[in-house]
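Here the structure is laid out as structure tokens; the discussion comes afterwards.
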Ligand SMILES: Cc1cc2nc3c(=O)[nH]c(=O)nc-3n(C[C@H](O)[C@H](O)[C@H](O)COP(=O)(O)OP(=O)(O)OC[C@H]3O[C@@H](n4cnc5c(N)ncnc54)[C@H](O)[C@@H]3O)c2cc1C
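Below, the structure is given as structure tokens:
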């Protein structure tokens, strides 16, 4: 390995993994993590779960303690925003820098810039009480607005919106979720699961409005209501969760290929051989699904982080993973494996009314994806079945009395 100077842009899961894996692989080069945030690299999933509800301390969000980076000789440049990549001179140009340096050089650059929330157009962008949820700072803002709040409106019935709904309900707020599509979680799951979550939230007292669009957010200095296609809804706090966009501007501006993400090959190398990329911001080939995909999940960020480290060390190992994800709402642990798009058949195992069941999706007779609620063994086995293209006995699979090991 002749790369002496490795710079990683990003303060999240992927960046931390690249640095950790490089040192595990005995990389002797300089490693620098540059993050626009003020915090040590941290995990985001608890932000809409236990950190929002106050059950988790901020220190528990950090992926590694500060001492780890010191011991591993990994330089952290926090509060530093990369504005531009000068590829000709292998330099990064900053618009914000904590320690006052102007530019830094790299031999290998890793872009792990993640995603940023899709914004909702507002007449008054400074309206207090309107929030997005991507960072620790966002949660701190939400927590302030929650003081004395009674009515929360959540725009978007995706995972983040529904997790926030579950926490807010526990905190005693009146909660309304507004979803433009005809069902919640439409983009990510099947009607069976959407309908289960819809009923479960309603049972907890959350008001869910589907096929409803937002026409505006009212208020002078502070939000007072949300204007929708079916009327106005009182709100003293609004959380917007309408999806995210890949942070690809740095790559785009410097001429690195992008297309709904930074385009990388199976080794996580971009169109510039000295620039690699990992995590939410990449569009990568999936050998299993035989198409290019962009994922927003911890698993993908970690595994691509490892792939990037291998590639930098000259051990080219193709990235070939079955995606998986989880979501926690109330007492429901939802685990998703694979991608279900294009399924032609599904099997339900267990009963939704027991709040413990799984839906397995098949295409041309092979399992391509699973949604498991409070059913961890089913989730774990289905990941193996999907990856190995195992032939399954569908009748046995439907029968919860037959163990998952015996359904093949
Ligand atoms: C509220 C929430 C809940 C989630 N829940 C789950 C879950 O339950 N399960 C799951 O699998 N996934 C979940 N996710 C998704 C998961 O957190 C992401 O997939 C993961 O964080 C991606 O990691 P990443 O390193 O690619 O990007 P990120 O974690 O987004 O990190 C990107 C970093 O790059 C920095 N950056 C961007 N541009 C620049 C620049 N120009 N200069 C310097 N720094 C820059 C950003 O500030 C940020 O620190 C959740 C995400 C959120 C927001």
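In my numbering, the protein residues as written are 2 to 409. All C-beta atoms in this analysis are idealised placements derived from N, C-alpha and C, irrespective of residue type, glycine included.
The three-state reading of DSSP puts residue 346 in strand, counting E and B together.
A residue is called buried when at least 16 other Cβ atoms come within 10 angstroms of its Cβ; residue 281 meets this threshold and is buried. Taking C-beta atoms as the reference points, residue 41 and residue 58 fail to come closer than 9 Å. Closest in C-alpha terms to residue 360, from the list 301, 366, 272, 347, comes 347. The residue from 332, 383, 9, 343 with its alpha-carbon nearest to that of residue 106 is 9. Around residue 398, the same chain offers 348, 350, 361, 408 as residues with beta carbons nearer than 7 Å, after the five sequence neighbours per side are excluded. Scanning the region 116 to 152 for uninterrupted beta strand (DSSP E) segments of 3 residues or longer gives 116 to 118, listed from N- to C-terminal end. C-alpha of residue 244 to C-alpha of residue 208: approximately 21 Å in a straight line.
Secondary structure of residue 279 (DSSP, three-state): coil. Under the criterion of beta carbons closer than 8 Å, residue 75 and residue 32 qualify as touching, at roughly 5 Å.
Positions of the alpha helix (DSSP H) runs, each at least 4 residues long and wholly inside the region 237 to 304, are given as 250 to 254 in order along the chain.
Spatial neighbours of residue 321 in its own chain (CB-CB distance under 6 Å, excluding positions within 5 residues in sequence) are listed in chain order as 288. In the three-state scheme derived from DSSP, where H, G and I count as helix and E and B as strand, residue 181 is classed as coil. Assignment of residue 9 by DSSP, reduced to helix, strand and coil, places it in the strand class. Shown here for residue 60: not one same chain residue has a beta carbon closer than 7 Å to its own, the five before and five after excluded.
Between residue 223 and residue 129, the beta carbon gap of about 4 Å places them in contact (Cβ cut-off 8 Å).
Short of 6 Å from the beta carbon of residue 330, and not among the five residues preceding or following it, lie these beta carbons of its own chain, in chain order: 163, 164, 167. Burial is judged here by how many other beta carbons sit within 10 angstroms of a residue's own beta carbon; residue 341 has at least 16 and is buried.
Taking C-beta separations shorter than 7 Å and ignoring five residues to either side along the sequence, the partners of residue 5 in its chain run 30, 31, 108, following chain order. Following the DSSP letters along the chain, one finds residue 108 in no beta strand (DSSP E), marked with neither H nor E. For residue 162, the uninterrupted alpha helix (DSSP H) run begins and ends at 160 to 171, by DSSP.
By the criterion of a C-beta distance shorter than 7 Å, residue 187 is surrounded in its chain by 195, once the five residues flanking it on both sides are discounted. Counted as a single uninterrupted DSSP element, the stretch harbouring residue 14 is not any beta strand (DSSP E) but the alpha helix (DSSP H) occupying residues 14 to 25. Spanning the alpha carbons of residue 311 and residue 317 requires a straight line of approximately 6 Å. In the three-state DSSP reduction, residue 40 falls in the coil class, being neither helix nor strand.
Within the region 330 to 381, the runs of beta strand (DSSP E) at least 3 residues long that lie entirely inside it are, in chain order, 333 to 339, 346 to 352, 357 to 364, 367 to 374.
A check of alpha carbon separations from residue 125 across 372, 258, 225 identifies 225 as the nearest. DSSP places residue 56 in no alpha helix (DSSP H); its state is neither H nor E. Nearest in C-alpha terms to residue 150, of all of 240, 197, 16, 221, is 240. Per DSSP, the continuous alpha helix (DSSP H) segment holding residue 200 begins and ends at 192 to 204. Counting C-beta pairs closer than 8 Å gives three or more between the region 256 to 271 and the region 284 to 303, which meets the contact rule. For residue 78, DSSP records a beta bridge to 35.
Put simply, the backbone Cα of residue 137 is about 14 Å away from that of residue 146. In the three-state reduction of the DSSP assignment, residue 211 falls in the coil class, being assigned neither a helical nor a strand state. The beta carbons of residue 15 and residue 113 sit closer together than 9 Å.
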